[in-house]
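In this text, residue positions in the sequence shown follow the UniProt record's numbering: the first is 1, and each later residue adds one.
The beta carbon of each residue, even a glycine, is placed where N, CA and C say it ideally should be.
If you're wondering where the values come from, they're calculated on a predicted model, not measured in any experiment.
Beneath this line is the structure, given in structure tokens, with notes to follow.
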Amino acid sequence: MEPLNNYTAKTILSEEIFIEIFSQEDEIQKARMILSAEERADELKVGRQFKQLLKAYKKVAEEKPRKQETQSVENWTNFGPPYPKMKCRSWIATQDGIYQQTTNPFSPDILACYHPILPIERLKNIETGDEQIKLAFKRSGRWEEVIVAKTTITSAAKIVSLSAKGVAVTSENAKYLVRYLSDVENMNDDEIDVQYSTSKLGWIKDGFMPYNTEVVFDGDNRFRDLYESISKYGSRELWIRHIKKLRASGKMEIKLMLAASFASVLVSLLGGLPFIVDLWGETEGGKTVTLMVAASVWADPAENKYIGDFKTTDTALESRADMLNHLPLVMDDTSKVSDRIRGNFEGMVYDLCSGKGKSRSNRDLGVNRENRWQNCILTSGERALQTYVSQGGAINRILEIECGDYIYQDPRETAETVKGNYGFAGEEFVQIVTDMGREAVRTIQEGILNELIDDSKMQKQATALSIILTADRIATERIFKDKQYISITDAKNVLVDRSELSDNDRAYRFICDKVEMNPARFDDETNCEKWGVLDGDYVYFFTQAFDELCEAGGFSRKSIMSWLEKKKLSLQDQGRVTKVKRINGKLTRCICILIEQGEEPADEGGFVPIPQNEQETLPFV
Numbered sequence: 001m002e003p004l005n006n007y008t009a010k011t012i013l014s015e016e017i018f019i020e021i022f023s024q025e026d027e028i029q030k031a032r033m034i035l036s037a038e039e040r041a042d043e044l045k046v047g048r049q050f051k052q053l054l055k056a057y058k059k060v061a062e063e064k065p066r067k068q069e070t071q072s073v074e075n076w077t078n079f080g081p082p083y084p085k086m087k088c089r090s091w092i093a094t095q096d097g098i099y100q101q102t103t104n105p106f107s108p109d110i111l112a113c114y115h116p117i118l119p120i121e122r123l124k125n126i127e128t129g130d131e132q133i134k135l136a137f138k139r140s141g142r143w144e145e146v147i148v149a150k151t152t153i154t155s156a157a158k159i160v161s162l163s164a165k166g167v168a169v170t171s172e173n174a175k176y177l178v179r180y181l182s183d184v185e186n187m188n189d190d191e192i193d194v195q196y197s198t199s200k201l202g203w204i205k206d207g208f209m210p211y212n213t214e215v216v217f218d219g220d221n222r223f224r225d226l227y228e229s230i231s232k233y234g235s236r237e238l239w240i241r242h243i244k245k246l247r248a249s250g251k252m253e254i255k256l257m258l259a260a261s262f263a264s265v266l267v268s269l270l271g272g273l274p275f276i277v278d279l280w281g282e283t284e285g286g287k288t289v290t291l292m293v294a295a296s297v298w299a300d301p302a303e304n305k306y307i308g309d310f311k312t313t314d315t316a317l318e319s320r321a322d323m324l325n326h327l328p329l330v331m332d333d334t335s336k337v338s339d340r341i342r343g344n345f346e347g348m349v350y351d352l353c354s355g356k357g358k359s360r361s362n363r364d365l366g367v368n369r370e371n372r373w374q375n376c377i378l379t380s381g382e383r384a385l386q387t388y389v390s391q392g393g394a395i396n397r398i399l400e401i402e403c404g405d406y407i408y409q410d411p412r413e414t415a416e417t418v419k420g421n422y423g424f425a426g427e428e429f430v431q432i433v434t435d436m437g438r439e440a441v442r443t444i445q446e447g448i449l450n451e452l453i454d455d456s457k458m459q460k461q462a463t464a465l466s467i468i469l470t471a472d473r474i475a476t477e478r479i480f481k482d483k484q485y486i487s488i489t490d491a492k493n494v495l496v497d498r499s500e501l502s503d504n505d506r507a508y509r510f511i512c513d514k515v516e517m518n519p520a521r522f523d524d525e526t527n528c529e530k531w532g533v534l535d536g537d538y539v540y541f542f543t544q545a546f547d548e549l550c551e552a553g554g555f556s557r558k559s560i561m562s563w564l565e566k567k568k569l570s571l572q573d574q575g576r577v578t579k580v581k582r583i584n585g586k587l588t589r590c591i592c593i594l595i596e597q598g599e600e601p602a603d604e605g606g607f608v609p610i611p612q613n614e615q616e617t618l619p620f621v
């Protein structure tokens, strides 16, 4: 304390002098300081005011230890209903906020938050083991709940992000709020429920998310609208009645896309791989409405709800597929592809069919959980999806169906019906499949696959189609009960011949077509860049020209040359893939390929000979 003579009538009444007096632990010294200060106050004619202040400070100093003692005994939050009281160590937690008193009676309290807040549930993710925490907080007289990553509330730097959710936290009180929430969570470890959670939909443990399972969803907030769209709304009877009317029209486009939507949840049960069902055709045919019909099996098919589009990034598309997991990924209009994925659209299609996303590192130099899915992907566009894809491995996972002209009598009525009534059939189908059991479903699928298998067709396509027809049979018999099955004969029209899918076969046809289209590249007369020479049924390519053709067609030179040798469609010197040919008097190593022959040509008169038994009588004599 300064010499008393230095104090004025104003400073003798200041807070600093009282704090200094009551901070003194020696009671005798404290009494002497009080007497000296009173004398100086009397000299300054403010003795009465000093005594009033002294009395008030004494009262505060006496009450504060009693409050601390009471709080140390109670150690409970006192927020009132609906949440139970929780132990909170030395924190005072009331409707007025959360704070902690200091040992110094004249130091300000430590403020953690201006309003009630507490952890009420821990969520443990099944896939990653990572934890999230559910917080309840009260603002403006109303309780709200929010789920955040556990790491958010363990760091003062991260917890300030809760301000965007409405929590009163700043950089000033952040570290105290972290300490308070940690104390409450750890003091109430046995009382705070641990709820298993998942960021994926479909078959999870012994149930199906989001229907008959105790697991809760904790997925990416970017897809919150998508998740919430998966619900039941309107009238089941109205939806069934309208869909049965559409099925009765016999339109393959509607029946196949609807069956594919159901089939998505069978892919993993039957050990299948993801596949795409693509509806393509001219505008105004009803492609988007058909996707809406398919989506309404599970969710709200309205714009910006369940159905997505390709105006996105490959990462976002992977995350969407990962979240849907076993539910169908429905994407409208392949022509509206964002610039970010247009350059590698084929690669994106291949990735979707692989059922696995790219491995990516995170900021902590670790590797993020790999995105995975096992479902059916429904797409639409003006051009067939196969026209964007050259790799046979991707093509054999795509089932194409051309959309006819005006497949709906009143597309607007159908759109409005499914937007107002949806989500019933999907949950019902899941329950039916659960009751049937995996083996019963597999038996149906294997029987259908045996009918589809054909040496000229690709097995992966046949397997995908058999899963669709299995779903169609179950839905027809158990849900619609209308006998409107997709016939095996009609279904086979969707399959592609094996030869159309072989990369090497398509490469060979591509090369033969290029030779037919460019005769001037092989003659001695035309003044242009030459690719080689023709010699009977063989074409001899300069190696550079052949390599450029392979690159232009997107084919592997090594693969095509190996295939040509096995098919005896090329001449090769021993131990080489080339053949020596004298061109313009110079020996040159060339790629020698047998050119595919066309149909038998007509004779010189322009007529094709007809066998005797096929000759018809002329209509005139």
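- Task: Determine the direct distance from the alpha carbon of R222 to that of G272, and round the result to whole angstroms.
- Result: Mapped onto the sequence shown, residue 272 falls at position 272. Mapped onto the sequence shown, residue 222 falls at position 222. About 29 Å.
- Query: With a Cβ-Cβ cutoff of 8 Å, do M252 and D490 count as a contact?
  - Reply: In the sequence shown, the residue the question calls residue 252 occupies position 252. In the sequence shown, the residue the question calls residue 490 occupies position 490. Yes, the pair counts as a contact, with Cβ atoms nearer than the cut-off.
- Task: Would you verify that the beta carbon of Y508 is, or is not, closer than 8 Å to some beta carbon of chain B?
- Result: The structure shown contains no chain B; it is built from a single protein chain.
- Task: Go ahead and pull the three-state DSSP assignment for F137.
- Result: In the sequence shown, counting from the first residue as 1, residue 137 sits at position 137. Reduced to three states, the DSSP call for F137 is strand.
- In angstroms with no decimal places, state the Cα-to-Cα distance between G250 and E413. Locating residue 250 in the sequence shown gives position 250, counting from the first residue. Locating residue 413 in the sequence shown gives position 413, counting from the first residue. The straight-line gap from Cα to Cα measures roughly 18 Å.
- Item | K567 in three-state terms, based on DSSP | Sequence index remark: in the sequence shown, residue 567 carries index 567 (1-based). Looking at K567 - three-state DSSP - the assignment turns out to be coil, as it is neither helix nor strand.
- Task: Please work out which residues of its chain come closer than 8 Å, Cβ to Cβ, to R247, disregarding the five sequence neighbours upstream and downstream, and give them in chain order.
- Result: Sequence index remark: in the sequence shown, residue 247 carries index 247 (1-based). Taken in chain order, the residues that qualify are I254, K255, L258, F480, D482, Q484.
- Message: Please state the DSSP three-state secondary structure of C528.
- Response: Against the sequence shown, residue 528 aligns to sequence position 528. Coil at C528, not helix or strand.
- Where does N518 fall in DSSP's three states? On the sequence shown, position 518 is the one that residue 518 refers to. Three-state DSSP puts N518 in coil, outside helix and strand.
- Item | alpha helix (DSSP H) runs contained entirely in the segment 419-472, provided each spans 4 or more residues | 424-436, 438-452
- Entirely enclosed beta strand (DSSP E) segments - the segment 212-299, minimum 3 residues: 275-280
- Per DSSP, cross-strand counterpart(s) of T94: In the sequence shown, the residue the question calls residue 94 occupies position 94. According to DSSP, which records beta bridges pairwise, T94 is partnered with N78, G97.
- Helix, strand or coil at R576 [DSSP, three-state]: Walking along the sequence shown from the start, residue 576 turns up at place 576. Three-state result, R576: coil.
- Item | the segment 321-333 contacting the segment 279-296, beta-carbon criterion three pairs below 8 Å | yes
- Query: Going by Cα to Cα distance, which pick from E131, Y227, A302, C113 is closest to Q195?
  - Reply: The residue given as residue 195 occupies position 195 in the sequence shown. If we check each option's Cα against that of Q195, E131 comes out closest.
- Item | Straight-line Cα distance separating S229 from K245 | By 1-based counting over the sequence shown, the position of residue 245 is 245. By 1-based counting over the sequence shown, the position of residue 229 is 229. C-alpha separation (whole angstroms): 25 Å.
- Item | Boundaries (first-last residue) of the beta strand (DSSP E) holding F546 | Here the question's residue 546 lines up with position 546 in the sequence shown. Looking at the DSSP string, F546 is not in any beta strand (DSSP E); the run it does join, the alpha helix (DSSP H), is 543-553.
- Message: Restricting to runs no shorter than 4 residues, where is the alpha helix (DSSP H) found entirely within the segment 173-217?
- Response: 174-187
- Task: Give the secondary structure of D332 by DSSP, where H, G and I count as helix, E and B as strand, and everything else as coil.
- Result: Position 332 of the sequence shown holds residue 332. Correct three-state label for D332: strand.
- Message: According to DSSP, simplified to helix, strand and coil, what is L594?
- Response: Position 594 of the sequence shown, counting from 1, holds the residue named residue 594. DSSP places L594 in strand when its eight states are reduced to three.
- Just the Cα atoms here: how many angstroms apart are E20 and Y176? The sequence position of residue 20 within the sequence shown is 20, counting from 1. The sequence position of residue 176 within the sequence shown is 176, counting from 1. Cα to Cα, E20 sits roughly 27 Å from Y176.
- Message: So the candidates are Y83, V515, I243; which of them puts its Cα closest to the Cα of T476?
- Response: Sequence index remark: in the sequence shown, residue 476 carries index 476 (1-based). When only C-alpha atoms are compared, the closest one is I243.
- Item | K165 (DSSP reduced to helix, strand or coil) | Numbered from 1 along the sequence shown, position 165 holds the residue referred to as residue 165. Of the three classes helix, strand and coil, the one that applies to K165 here is helix, per DSSP.
- Is A37 helix, strand or coil by DSSP? As a working mapping, residue 37 is identified with position 37 in the sequence shown. A37: helix per DSSP, three-state reduction.
- Item | Integer Cβ distance of L201 from N304, believed to fall under 8 Å | Position 201 of the sequence shown, counting from 1, holds the residue named residue 201. Position 304 of the sequence shown, counting from 1, holds the residue named residue 304. Not really, about 18 Å apart at Cβ, beyond 8 Å.
- Message: Report the CB separation of I591 from F546 in whole angstroms; it is logged as a contact under 8 Å.
- Response: Here residue 591 is taken as the residue at index 591 of the sequence shown, counted from 1. Here residue 546 is taken as the residue at index 546 of the sequence shown, counted from 1. Correct: roughly 4 Å between the Cβ atoms.
- Message: Let's see if you can read the secondary structure: which residues bound the alpha helix (DSSP H) around A157?
- Response: Counting from one through the sequence shown, the residue named residue 157 turns up at place 157. Here the alpha helix (DSSP H) through A157 covers 156-159.
- Below 6 Å CB to CB, which residues in the same chain sit around A520 once its five sequence neighbours on both sides are set aside? The residue you call residue 520 lines up with position 520 of the sequence shown. Excluding sequence neighbours, A520 sits near T526, C528.
- Item | Host beta strand (DSSP E) of E16 (start-end) | Position 16 of the sequence shown holds residue 16. Careful: E16 lies outside any beta strand (DSSP E), inside the alpha helix (DSSP H) at 15-22.
- Message: If distances are taken between C-alpha atoms only, which option among A321, R32, I583, R89 comes closest to L378?
- Response: Counting from 1 along the sequence shown, the entry for residue 378 is found at position 378. Residue A321 is the option with its Cα nearest to L378.
- For E477, which three-state DSSP category applies? Here residue 477 is taken as the residue at index 477 of the sequence shown, counted from 1. Helix.
- Message: Buried or exposed, going by whether 16 or more other CB atoms sit within 10 Å of the CB of V533?
- Response: Translated into positions along the sequence shown, residue 533 becomes position 533. Per the 10 Å Cβ criterion, buried.
- Item | N-terminal and C-terminal residue of the beta strand (DSSP E) that I117 is part of | Start at 1 with the first residue of the sequence shown, and residue 117 comes out as number 117. Unbroken beta strand (DSSP E) run through I117: 117-125.
- Query: Alpha carbon to alpha carbon, how far is K158 from A149?
  - Reply: For the purposes of this step, residue 158 is taken as the residue at position 158 of the sequence shown. For the purposes of this step, residue 149 is taken as the residue at position 149 of the sequence shown. C-alpha separation (whole angstroms): 10 Å.
- What does W143 pair with, by DSSP beta-bridge criteria? As a first step, residue 143 must be located in the sequence shown, where it is residue number 143. The partner list for W143 (beta bridge, DSSP) reads K138.
- Query: Between I401 and V494, is the Cβ-Cβ spacing less than 8 Å?
  - Reply: Counted from its first residue, the sequence shown places residue 401 at position 401. Counted from its first residue, the sequence shown places residue 494 at position 494. Result yes, Cβ atoms of I401 and V494 sit closer than 8 Å.
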